[in-house]
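Residue numbers (this note's numbering), protein chains in the order written: chain A, 454 to 566; chain B, 2 to 116.
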Amino acid sequence: GESVGLHLPTLSVQEGDNSIINCAYSNSASDYFIWYKQESGKGPQFIIDIRSNMDKRQGQRVTVLLNKTVKHLSLQIAATQPGDSAVYFCAENSGGSNYKLTFGKGTLLTVNP
Amino acid sequence: GAVVSQHPSRVICKSGTSVKIECRSLDFQATTMFWYRQFPKQSLMLMATSNEGSKATYEQGVEKDKFLINHASLTLSTLTVTSAHPEDSSFYICSAPLKLGTEAFFGQGTRLTVV
C-alpha cells in the first residue's frame with residue numbers, strides 16, 4: 454500500500470542551529486498532514502499540521518512546508534534546543550470517512566550542546 | 002490540547018494470559034479512537050479503528066480475535082491482547098481526534114512484555 458517515507462533517519466545539529474526534517478509522501482489524495490514529536494517511551498506529541506490547500510504554516514519556532522507537486526513535506530525548527538531531541542514523524546491523512554493517519558518512518562533528531 | 006490517558010503504562014504478563022489496555026479521553030468525547038503498535042526504532046503501525054457503539058475496523062493482517070477492541074462509551078476504548086505470546090511484546094499506543102479530520106492526540110503508550 455501507499456506509505457509516507459523519510460529521506461533521513463538521523464539528524465544531528467548544534468544547539469542554536471536551525472533543523473530541517475524532510476518527508477516524502479506517496480498518496481496524492483492525502484489532504485492533511487501532521488508532524489509529531491516522540492520522546493523515548495512516550496506517545497507522539499502534536500507539533501503542527503497543514504492542509505493541502507496551504508503550502509506553508511508557522512508555529513512557535515516551527516514551520517511546515519508542503520510541496521504538493523513533488524509530494525514533499527518538511528519541518529523546520531528554528532534555534533534548535535536540547536529539548537528538541539526526539540524522533541519526529543510526519544503523518545498523512547489520506548481522506549476517507551475514518552481519517553486514518555499513516556506515519557512515516559521517523560527521523561531521530563539529536564541536538565548537541 | 003486535549004488529553005488522552007492510557008493505562009497501564011507498563012505491564013508484564015505470562016504467555017497465554019490476556020492483558021487489557023485502556024484508553025480514555027479525559028476532557029472530550031471521542032466517537033473514534035485508533036490503536037497503534039510500535040516496535041523499537043520503528044514507526045507507528047495502525048492496528049484498528051475503534052468506533053463507539055459499533056465494531057472496530059481492523060487493518061489488514063491484524064487478527065481481530067487476538068486483539069479485541071471495545072469502545073463502549075464516548076470516553077473509553079479498550080484493547081485486550083488475548084493469549085499473549087512473546088512476539089506480542091511491543092509498545093501499544095492509542096489516539097483520539099477532537100474531531101475527525103483534525104489532529105489526533107495520543108496516549109502515553111503501554112509497554113507490554115510477555116514472558
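Heads up, the beta-carbon is just placed ideally off N, CA and C, and yes, glycines get one too.
Item	Value
Per-residue burial, residue 497 (chain A) [other beta carbons within 10 Å of its own, 16 or more giving buried]	buried
C-alpha gap between residue 67 (chain B) and residue 84 (chain B), whole angstroms	7 Å
Alpha carbon of residue 552 (chain A) to alpha carbon of residue 475 (chain A), nearest angstrom	23 Å
Proximity test, Cβ basis, 8 Å: residue 559 (chain A) and chain B	yes
Whole-number beta carbon distance between residue 539 (chain A) and residue 423 (chain A), since they are thought to touch under 8 Å	The question about residue 423 (chain A) has no answer here: the residues shown for chain A are numbered 454 through 566.
Opening and closing residue of the beta strand (DSSP E) in which residue 525 (chain A) lies	525-530
Residue span of the beta strand (DSSP E) that contains residue 519 (chain A), given as start and end	515-520
Cβ of residue 68 (chain B) within 8 Å of any chain A Cβ	no
Complete runs of the beta strand (DSSP E) confined to the region 37-107 of chain B [at least 3 residues]	45-52, 68-74, 77-82, 91-98 and 105-107
CB of residue 60 (chain B) within 8 Å of CB of residue 32 (chain B), strictly	no
Proximal residues, the region 526-537 of chain A versus chain B, C-beta separation under 7 Å	none
DSSP state of residue 28 (chain B) mapped onto helix, strand, coil	coil
Chain A contact for residue 50 (chain B) (CB, 8 Å cutoff)	yes
Residue 526 (chain A) to residue 42 (chain B) span [Cα, whole Å]	21 Å
Start-to-end residues for the beta strand (DSSP E) that takes in residue 477 (chain A)	472-478
Cβ neighbour criterion (16 or more within 10 Å) applied to residue 599 (chain A)	The requested residue 599 (chain A) does not occur in the structure, where chain A is confined to residues 454 to 566.
Neighbourhood of residue 524 (chain A) by C-beta, 7 Å cutoff - its chain only, sequence neighbours within 5 removed	477, 478, 479 and 481
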